[in-house]
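Residues 2 to 391, numbered by my numbering, are exactly what the sequence shown covers, in order.
Here a beta-carbon is modelled for each residue, glycine too, at the ideal position from N, C-alpha and C.
What follows is one structure encoded as structure tokens, with my remarks underneath.
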Amino acid sequence: MRKCGEWYMKIVIAMDSFKGSLTSTEAGEAVRDGIRRADPDACVSVFPLADGGEGTVDALIFGLKGERKQVTVTGPVGDPVSCSYGLVREKGLAVIEMAGAAGLPLVPESARNPLLATTYGVGEVILDAIREGCRRFLVGIGGSATNDGGAGMLQALGFSLLDEEGRPIPGGAAGLAKISSVGAGQAEPKLQECAFRIACDVKNPLCGPDGASAVYGPQKGADPDMVRKLDENLARFAKVTKAWNPQADDACPGAGAAGGLGFGFLAYLNASLESGIGIVLDELGLDEAVSQGDLVITGEGRLDEQTCMGKAPAGVAALGRKYKKPVIAFAGCVTKGASRLNDAGIAAFFPILRGACSLEDAMKKENAAENLRDTAEQAMRLYLAGKGGW
């Protein structure tokens, strides 16, 4: 640390995005600028942040100096879609958001039918990344339109999913009603060299009242009759899969994520299901940065009681607690329930609005950035005063 010109304060900034307003990187840079207004000599490191969902590709491309690649794949209803994913060539790493290939926003509300939606495009993205030399995969699986247990993805990767007559089953969850056998004889050989880390923060099993179909099917367009059919089909898929791989566990927490895609990754690709924020923090090396820092700053657009439940600022707070570093947070708005964050390791949190205004004005990029800069400056001045000033 710096005292009277003799030490430099090390500040680690890891902000999540302010959705609809600032990206993670933009938010972090605004805080950095405010900090330097108060302490021009501070050593400030800005890390992008995401929890494995939307924004994960952008965060890791920036943080790991990767690149974005665009590829045309089969969309959830069979039409071609353009999907982008991240490539970090020096690490042999691909960062994929499955929603880019099979997400619910890709399907018009009137056309949503999880019996027909497929994850085939997810497999095509993986194949493209393998051709680019990737052998490590970080896959976020939130926001799916599908309920096929990952069957489409597996077919794209060359796995055999066959009916009683030895023919490939049709796509979508409906095809699982006909599945009779599975096999990996024709699967992409390089999959054996690959490791998959799946960002998954839900604990649903594959089937049953807490499973993929019952909990998430309705938001994808399933009525009660369809939910029952979807669940039956996934149960059949699990039974056939377990005959081929006795280690397959359809009751594993997270197996029901993304319409059963979690199960597909676990049973066929030997993947690990992990906390999204945990994976991102690990890949970015934030653990080491926090251990060497003097002050840690995090935040997101809205801080509330849900923030403690696996969201990005909570992950940063846990690192601060691990290394006994003070953590403060900024947010566009703060609810009463956010007080739980103090118990989770955030010493203090601050809403950034500095006067009455409309939501539209508050979310304008330039206004949000300036409010973050101003709030960060004043919080830093307070922090420095508490340290004895200069």
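- GLU301 sits close to ALA313, with the two beta carbons spaced by under 8 angstroms.
- With contacts defined by Cβ atoms closer than 8 angstroms, GLY53 and ALA200 form a contacting pair.
- Here LYS240 is exposed, its C-beta having fewer than 16 other C-beta atoms within 10 Å.
- Here GLU125 has VAL72, VAL74, THR75, ALA102 and ALA157 as same chain residues with Cβ atoms under 8 angstroms from its own Cβ, once five neighbours each way along the sequence are excluded.
- Burial is judged here by how many other beta carbons sit within 10 angstroms of a residue's own beta carbon; GLY356 has fewer than 16 and is exposed.
- Short of 7 angstroms from the beta carbon of PRO190, and not among the five residues preceding or following it, lies no beta carbon of its own chain.
- VAL297 places its beta carbon less than 8 angstroms from that of VAL328.
- In the structure shown, GLY173 adopts coil according to DSSP, grouped into three states.
- Taking the CA atoms as reference points, ASP40 sits about 32 angstroms from GLU361.
- Three or more pairs of CB atoms, one per stretch, sit closer than 8 angstroms, so the stretch 219-227 contacts the stretch 107-127.
- Cβ-Cβ distances below 8 angstroms link ILE353 to PHE331, ALA332, GLY333, ALA369, ASN372, LEU373, ASP375 and THR376 in the same chain, with the five nearest sequence neighbours on each side left out; the list follows chain order.
- The C-alpha of LEU342 is placed about 18 angstroms away from the C-alpha of SER18.
- When DSSP reads this structure, GLY286 sits in no beta bridge, so it has no partner.
- With respect to the 8 angstroms criterion, ILE142 and ALA259 are classified as neighbours on the basis of their beta carbons.
- By the neighbour-count definition (other C-beta atoms within 10 Å, threshold 16), TYR324 is an exposed residue.
- In this structure, the alpha-carbon of ILE278 lies about 6 angstroms from that of ALA51.
- Rounded to whole angstroms, the separation of the alpha carbons of ALA15 and GLU30 is 10 angstroms.
- Under the 10 Å beta carbon count, ARG132 is surrounded by fewer than 16 other beta carbons and is classified as exposed.
- Taken in chain order, the complete beta strand (DSSP E) segments of 3 or more residues contained in the stretch 180-222 are 182-184 and 196-200.
- Counting C-beta atoms within 10 angstroms of its own C-beta, CYS84 has 16 or more neighbours from the protein chains shown and is therefore classed as buried.
- Rounded to the nearest angstrom, the gap between the Cα atoms of SER214 and VAL47 is 40 angstroms.
- PRO81 and CYS208 have their alpha carbons spaced roughly 30 angstroms apart.
- Boundaries of the beta strand (DSSP E) harbouring LYS11: 11-16, taken from the DSSP string.
- According to the DSSP assignment, SER85 belongs to the beta strand (DSSP E) that extends over 81-89.
- Secondary structure at GLN248: coil, using DSSP grouped into helix, strand and coil.
- Within a 10 Å sphere around the beta-carbon of SER359 sit fewer than 16 other beta-carbons, which makes this residue exposed.
- Here GLU98 is buried: its Cβ has 16 or more other Cβ atoms, across all protein chains shown, within 10 Å.
- Between ASP295 and LYS20 a beta carbon distance of about 29 angstroms is seen, past the 8 angstroms cut, so the two are scored as non-contacting.
- Note on geometry: alpha-carbon atoms of SER161 and VAL96 lie some 26 angstroms from one another.
- DSSP assignment within the stretch 64-131 yields the following whole beta strand (DSSP E) runs of 3 residues or more, N-terminal first: 68-75, 81-89 and 94-98.
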